[in-house]
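S.K.: Below you will find the structure I want to go over with you.
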Amino acid sequence: MADKRVLVVDDEIHIVHVVAIKLRNNGYEVLSADNGAEAYELALKDKPDIIVTDFQMPIMSGMELIEKLRQNDETKNIPVIMLTARSFAVPQEQQDELRISGCLSKPFSPKELLSHIEDILYQKELVGEESKQKQS
Amino acid sequence: MTITVLCVGAWCMFVGPVVEGHHVSADEGGPVVAVMQHGPIILGGCILMAMVAMLLGWHWLKLARAIASIARFIQSDTTTKDPVHTGFFSSLRIRQINTLCRTISEHFDQCAGRVCDYEKQIKELQLQLQLAHNRGKNVEAIIYSIRDAVIVTDEYDRLLMANEAAGHLFSFDFKESHRKPLDELIGTDCGEFSEFLSHSRKSKGQATRREIEFQEQDELKTYDCIVSCVYDRNQKVTGVVAVMHDITREKQIQQMKTDFVSHVSHELKTPLASITAYSEMLADGEANDECTRREFYSVIQNQAQRLSRLIEDILNTSRIESGLVKVQKEPMSLTLLIEEQMQMIKGFAEEKNVEVTGQKPIVFDQVHVDKDMMSQVIVNLLSNAVKYTPAGGAVRVETTVDESASLARVTVRDTGVGIPADEIDHVFDKFYRVGANKKQAKGTGLGLNLVKQIVEKVHDGKVFVTSQVGVGSTFGFELPLATRQSAGIV
Numbered sequence: 000m001a002d003k004r005v006l007v008v009d010d011e012i013h014i015v016h017v018v019a020i021k022l023r024n025n026g027y028e029v030l031s032a033d034n035g036a037e038a039y040e041l042a043l044k045d046k047p048d049i050i051v052t053d054f055q056m057p058i059m060s061g062m063e064l065i066e067k068l069r070q071n072d073e074t075k076n077i078p079v080i081m082l083t084a085r086s087f088a089v090p091q092e093q094q095d096e097l098r099i100s101g102c103l104s105k106p107f108s109p110k111e112l113l114s115h116i117e118d119i120l121y122q123k124e125l126v127g128e129e130s131k132q133k134q135s
Numbered sequence: 000m001t002i003t004v005l006c007v008g009a010w011c012m013f014v015g016p017v018v019e020g021h022h023v024s025a026d027e028g029g030p031v032v033a034v035m036q037h038g039p040i041i042l043g044g045c046i047l048m049a050m051v052a053m054l055l056g057w058h059w060l061k062l063a064r065a066i067a068s069i070a071r072f073i074q075s076d077t078t079t080k081d082p083v084h085t086g087f088f089s090s091l092r093i094r095q096i097n098t099l100c101r102t103i104s105e106h107f108d109q110c111a112g113r114v115c116d117y118e119k120q121i122k123e124l125q126l127q128l129q130l131a132h133n134r135g136k137n138v139e140a141i142i143y144s145i146r147d148a149v150i151v152t153d154e155y156d157r158l159l160m161a162n163e164a165a166g167h168l169f170s171f172d173f174k175e176s177h178r179k180p181l182d183e184l185i186g187t188d189c190g191e192f193s194e195f196l197s198h199s200r201k202s203k204g205q206a207t208r209r210e211i212e213f214q215e216q217d218e219l220k221t222y223d224c225i226v227s228c229v230y231d232r233n234q235k236v237t238g239v240v241a242v243m244h245d246i247t248r249e250k251q252i253q254q255m256k257t258d259f260v261s262h263v264s265h266e267l268k269t270p271l272a273s274i275t276a277y278s279e280m281l282a283d284g285e286a287n288d289e290c291t292r293r294e295f296y297s298v299i300q301n302q303a304q305r306l307s308r309l310i311e312d313i314l315n316t317s318r319i320e321s322g323l324v325k326v327q328k329e330p331m332s333l334t335l336l337i338e339e340q341m342q343m344i345k346g347f348a349e350e351k352n353v354e355v356t357g358q359k360p361i362v363f364d365q366v367h368v369d370k371d372m373m374s375q376v377i378v379n380l381l382s383n384a385v386k387y388t389p390a391g392g393a394v395r396v397e398t399t400v401d402e403s404a405s406l407a408r409v410t411v412r413d414t415g416v417g418i419p420a421d422e423i424d425h426v427f428d429k430f431y432r433v434g435a436n437k438k439q440a441k442g443t444g445l446g447l448n449l450v451k452q453i454v455e456k457v458h459d460g461k462v463f464v465t466s467q468v469g470v471g472s473t474f475g476f477e478l479p480l481a482t483r484q485s486a487g488i489v
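Protein sequence lines, in the order shown, are assigned to chains R and P. Under numbering that gives the first Met the number 0, the first residue of the first sequence carries the number 0, and numbering increases by one thereafter. Under numbering that gives the first Met the number 0, the first residue of the second sequence carries the number 0, and numbering increases by one thereafter.
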């Protein structure tokens, strides 16, 4: 998935770093932020194809970021993958309500994350093509 | 004798004129002759009348006496079986009167017996009433003394009894609300509770339990409500008893524990996530050059150490609380110890652009402490100060000696975000994190609690804090001077 832009958001610099290396090694362009507020600004400005965000962060958490993204027409359709170190998963109702594309528990495998990102972007492309066909 | 007199009288009346034979008219002999001619008749009549009168009188007297005897008998001892015995006229016995008296006597005996029985029953009932009253008072006293709120209602949801705690909870006068509808007493805000009571009563089932929230003054409190039906002898529901136990504090503790587990889990998993991710990258050959590989190794090492420190913090807190920690105290200079730890925190402070300053070592600041533990205390205080101080701020550490009180005092003053007044009393609580500052920096809520445990529980010292939101905080502790302890002076 060359030329696809991923925004990685986590207050843990090492997590951002390792994910960025993995994605770049697989042809992705990577943006990063260490809190939800900064990530939102980047999302508005650079329109990433997908966002990978941590759940718990200072200033603005991952959930608050997603809520804000869904309220804005420019960002409401950006798929989001949540990384969480919480002892319990985000409830499915909440995931459906905020249209969270996937949840990965920490510690996670960078390979598994990459696989999720590729699946979601592939689905997004398919949906995009179908709607184009319908319009034409 | 009576018959004889009657016969003489009758003879005088009827035979006299015949014996005399001749009727001499009054004209011939005058009035004296007339009287002499009718004398026997008159005499007989008088005698007869007198006798009748006497006879009647005698019977009347007898009757009167009998009645008087009966009356005396009724008034006197009714156990006497043969009442008409005494007095001048005791000889004037009338068998029928005696029978009547005996009958009345027996009837009176029966009545007396019944009266005795009734009196006994009355006494028993009074005793039972008194016992029931006392039992009721005891039950009331017990209910009034219960700290939990207790409410008793009847089958029409009217209040029968409530204690002070219930009155305080629902804001009504618990002593003056007997038989009033519960809905009116507790208000519409507590509709859930009323509905719960009513439903429990109608279901007639086992005791039911529910957690209900009530607004008590300015605080929302949670109560564990248990409702049981009250049954009469026929197993008919006559009301309900509701006992409400305040579990607000338990809920808070539970929530704090849940938050702690969530937080600790996050804190533990974060370094573990780095270790896992970097290890996988190394294993998959994603580190393309030696420099990158060394970087990965370093990260793995650092994160492993971080994980280890966190686990150690958690364990230390537990050990100190349970009194299992091994303590090795020795006299040492507090300021020198502080200086050592300041060097450890320097890198972190520089990253955050926070200036950390101390003072030169002072004399007579020797304290009797476990070095590792006290180092932990100082690091925790310094670390907190730097974490919650924005870039450009400052942290100042000072040590003073109060010789009169034989105390050494350390203060760590910062120009950080400060702590709200309503939270300052809790900052040393286990797992507690100031709400407004949670997003400012990460933490487990264990650091300050560990400081408190080490200073107070292990070293017989005291921690303190002052703060102002937006200005900064001053954390500190006092320890007894080593000279005092070495001399064994308490």
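Using N, Cα and C, we set each Cβ at its ideal position, and we do this for glycine too.
Would the region 57 to 75 of chain P count as touching the region 97 to 105 of chain P if we require 3 or more Cβ pairs under 8 Å?
M.R.: Yes, the region 57 to 75 of chain P is in contact with the region 97 to 105 of chain P.
S.K.: Nearest to isoleucine 310 of chain P by alpha carbon, out of P:Lys359, P:Leu184 and P:Leu445?
M.R.: The count along the second sequence starts at 1 and reaches residue 310 of chain P at position 311. For the residues P:Lys359, P:Leu184 and P:Leu445, the minimum Cα distance to isoleucine 310 of chain P belongs to P:Leu445.
S.K.: Mark glycine 43 of chain P as exposed unless 16 or more other C-beta atoms lie within 10 angstroms of its C-beta, in which case mark it buried.
M.R.: If you number the second sequence from 1, residue 43 of chain P lands on position 44. Buried, since its Cβ has 16 or more Cβ neighbours within 10 Å.
S.K.: Return the residue from the list P:Ala131, P:Val362, P:Thr356 and P:Pro419 that minimises the CA-CA distance to valine 400 of chain P.
M.R.: Numbered from its first residue, the second sequence carries residue 400 of chain P at position 401. That would be P:Val362, whose Cα lies nearest to the Cα of valine 400 of chain P.
S.K.: Expressed to the nearest angstrom, what Euclidean distance is found between the alpha-carbon atoms of valine 149 of chain P and leucine 128 of chain P?
M.R.: Residue 149 of chain P sits at position 150 when you count from the first residue of the second sequence. Residue 128 of chain P sits at position 129 when you count from the first residue of the second sequence. Those two C-alpha atoms are separated by around 25 Å.
S.K.: Quick one, which of P:Gly391, P:Leu336, P:Lys370 and P:Gln327 has its alpha-carbon nearest lysine 351 of chain P's?
M.R.: As a first step, residue 351 of chain P must be located in the second sequence, where it is residue number 352. The candidate whose alpha carbon is nearest that of lysine 351 of chain P is P:Gly391.
S.K.: Reducing DSSP to helix, strand and coil, say where glutamate 175 of chain P ends up.
M.R.: Locating residue 175 of chain P in the second sequence gives position 176, counting from the first residue. Glutamate 175 of chain P falls in the coil class under three-state DSSP.
S.K.: Where does glutamate 402 of chain P land, buried or exposed, given buried means 16+ other C-beta within 10 angstroms?
M.R.: As a first step, residue 402 of chain P must be located in the second sequence, where it is residue number 403. With fewer than 16 Cβ atoms within 10 Å of its Cβ, glutamate 402 of chain P is classed as exposed.
S.K.: Excluding the 5 residues preceding and the 5 following lysine 75 of chain R in the sequence, name in chain order all residues of the same chain whose CB lies nearer than 7 Å to its CB.
M.R.: As a first step, residue 75 of chain R is located in the first sequence; it is residue number 76 there, counting from the start. Only Leu68 and Arg69 meet the Cβ criterion.
S.K.: Hey, out of R:Val51, R:Tyr121, R:Ser104 and R:Asp118, whose CA is closest to histidine 265 of chain P's CA?
M.R.: For this step, residue 265 of chain P is matched to residue 266 along the second sequence. Ranking R:Val51, R:Tyr121, R:Ser104 and R:Asp118 by Cα distance to histidine 265 of chain P puts R:Ser104 first.
S.K.: For a minimum of 3 consecutive residues, which ranges assigned as the beta strand (DSSP E) are wholly contained in the region 63 to 114 of chain R?
M.R.: Those beta strand (DSSP E) runs which fall completely within the region 63 to 114 of chain R and span 3+ residues are 79 to 83 and 101 to 104.
S.K.: The region 11 to 37 of chain R: which residues have C-beta closer than 9 Å to a C-beta of chain P, in chain order?
M.R.: Flagged, chain order: Glu11, His13, Ile14, His16, Val17, Val18, Ile20, Lys21, Asn24 and Asn34.
S.K.: Using the Cβ count rule (16 or more neighbours within 10 Å means buried), how would you classify glutamine 375 of chain P?
M.R.: Translated into positions along the second sequence, residue 375 of chain P becomes position 376. Classification of glutamine 375 of chain P: buried, given that the 10 Å Cβ count is 16 or more.
S.K.: Using the Cα positions of lysine 201 of chain P and tyrosine 230 of chain P, report the straight-line distance between them to the nearest angstrom.
M.R.: Stepping through the second sequence from its first residue, residue 201 of chain P is reached at position 202. Stepping through the second sequence from its first residue, residue 230 of chain P is reached at position 231. Taking the straight line from one Cα to the other gives about 12 Å.
S.K.: In whole angstroms, give me the CA-to-CA distance for aspartate 53 of chain R and proline 419 of chain P.
M.R.: Numbered from 1 along the first sequence, position 54 holds the residue referred to as residue 53 of chain R. Numbered from 1 along the second sequence, position 420 holds the residue referred to as residue 419 of chain P. Whole-angstrom Cα-Cα distance: 29 Å.
S.K.: Can you tell me whether DSSP reads phenylalanine 259 of chain P as helix, strand or coil?
M.R.: Position 260 of the second sequence holds residue 259 of chain P. Helix at phenylalanine 259 of chain P.
S.K.: With DSSP collapsed to three states, give me the class of leucine 150 of chain R.
M.R.: Residue coverage of chain R in this structure runs from 0 to 135, which leaves residue 150 of chain R outside it and unanswerable.
S.K.: How many angstroms separate the CA atom of cysteine 224 of chain P from the CA atom of valine 368 of chain P?
M.R.: Residue 224 of chain P sits at position 225 when you count from the first residue of the second sequence. Residue 368 of chain P sits at position 369 when you count from the first residue of the second sequence. C-alpha separation (whole angstroms): 50 Å.
S.K.: Cα separation between isoleucine 40 of chain P and lysine 61 of chain P?
M.R.: Here residue 40 of chain P refers to the residue found at position 41 when the second sequence is read from its first residue. Here residue 61 of chain P refers to the residue found at position 62 when the second sequence is read from its first residue. Approximately 31 Å between the Cα atoms of the pair.
S.K.: What are the residues of the region 89 to 119 of chain R that lie near chain P, defined by any Cβ-Cβ distance shorter than 7 Å?
M.R.: Cβ contacts with chain P come from Lys105, Pro106, Phe107, Ser108, Pro109 and Lys110.
S.K.: Tell whether a beta-carbon distance below 8 Å holds between valine 226 of chain P and valine 239 of chain P.
M.R.: The residue labelled residue 226 of chain P in the question sits at position 227 within the second sequence. The residue labelled residue 239 of chain P in the question sits at position 240 within the second sequence. Contact: yes.
S.K.: Give the DSSP bridge partners of alanine 241 of chain P, in chain order.
M.R.: Locating residue 241 of chain P in the second sequence gives position 242, where the first residue counts as 1. Answer by DSSP bridge pairing, in chain order: P:Ile150 and P:Val226.
S.K.: Measuring alpha carbon to alpha carbon, tell me which residue in P:Lys429, P:Val468, P:Ala404 and P:Gly186 is nearest glycine 460 of chain P.
M.R.: For the purposes of this step, residue 460 of chain P is taken as the residue at position 461 of the second sequence. Nearest of P:Lys429, P:Val468, P:Ala404 and P:Gly186 to glycine 460 of chain P, Cα basis: P:Ala404.
S.K.: Would you kindly check if the distance between the Cβ of aspartate 48 of chain R and the Cβ of arginine 4 of chain R is under 8 Å?
M.R.: Residue numbering aside, residue 4 of chain R sits at position 5 when the first sequence is read from its first letter. Residue numbering aside, residue 48 of chain R sits at position 49 when the first sequence is read from its first letter. Result yes, Cβ atoms of arginine 4 of chain R and aspartate 48 of chain R sit closer than 8 Å.
S.K.: Looking only at its chain, what residues have a beta carbon closer than 7 Å to the beta carbon of glutamate 129 of chain R, apart from the 5 residues adjacent to it on each side?
M.R.: For this step, residue 129 of chain R is matched to residue 130 along the first sequence. Answer for glutamate 129 of chain R: no residue qualifies.
S.K.: Suppose you measure from the CA of arginine 178 of chain P to the CA of phenylalanine 195 of chain P; what does that come to, to the nearest Å?
M.R.: Along the second sequence, read from residue 1 onward, the residue named residue 178 of chain P stands at position 179. Along the second sequence, read from residue 1 onward, the residue named residue 195 of chain P stands at position 196. The alpha-carbon atoms of arginine 178 of chain P and phenylalanine 195 of chain P are separated by roughly 19 Å.
S.K.: To which residues of the same chain is isoleucine 73 of chain P closer than 8 Å at the C-beta, ignoring the five residues directly before and after it?
M.R.: Residue 73 of chain P sits at position 74 when you count from the first residue of the second sequence. Excluding sequence neighbours, isoleucine 73 of chain P sits near Ile103 and Phe107.
S.K.: Excluding the 5 residues preceding and the 5 following histidine 458 of chain P in the sequence, name in chain order all residues of the same chain whose CB lies nearer than 7 Å to its CB.
M.R.: Numbered from 1 along the second sequence, position 459 holds the residue referred to as residue 458 of chain P. Contacts found: Val368 and Leu478.
S.K.: According to DSSP, is serine 332 of chain P part of a helix, a strand, or is it coil?
M.R.: Residue numbering aside, residue 332 of chain P sits at position 333 when the second sequence is read from its first letter. DSSP places serine 332 of chain P in strand when its eight states are reduced to three.
S.K.: Whose CA, out of P:Asn233, P:Arg232 and P:Arg209, lies closest to the CA of tyrosine 222 of chain P?
M.R.: As a position in the second sequence, residue 222 of chain P is number 223, starting the count at 1. That would be P:Arg209, whose Cα lies nearest to the Cα of tyrosine 222 of chain P.
S.K.: Please specify which runs of the beta strand (DSSP E), each continuous and at least 3 residues long, are wholly inside the region 309 to 395 of chain P, giving them in chain order.
M.R.: The region 309 to 395 of chain P contains these whole beta strand (DSSP E) runs: 328 to 332, 354 to 356 and 365 to 369.
S.K.: For histidine 425 of chain P, count the other beta carbons within 10 Å of its own beta carbon; 16 or more makes it buried, fewer makes it exposed. Which is it?
M.R.: Indexing the second sequence from 1 puts residue 425 of chain P at position 426. Answer is exposed; the Cβ neighbour count stays below 16.
S.K.: Does any C-beta atom of chain R lie closer than 8 Å to the C-beta of tyrosine 296 of chain P?
M.R.: Counting from one through the second sequence, the residue named residue 296 of chain P turns up at place 297. Closer than 8 Å: no.
S.K.: Grab the span of the beta strand (DSSP E) containing lysine 461 of chain P for me, first residue to last.
M.R.: In the second sequence, residue 461 of chain P corresponds to position 462, counting from 1. Counting along the chain, the beta strand (DSSP E) containing lysine 461 of chain P begins and ends at 461 to 467.
S.K.: So with Cβ pairs under 8 Å, would you call valine 8 of chain R a contact of chain P?
M.R.: By one-based count along the first sequence, residue 8 of chain R stands at place 9. By this cut-off, valine 8 of chain R is not an interface position.
S.K.: Which first and last residues belong to the alpha helix (DSSP H) in which isoleucine 14 of chain R is found?
M.R.: As a working mapping, residue 14 of chain R is identified with position 15 in the first sequence. Counting along the chain, the alpha helix (DSSP H) containing isoleucine 14 of chain R begins and ends at 12 to 24.
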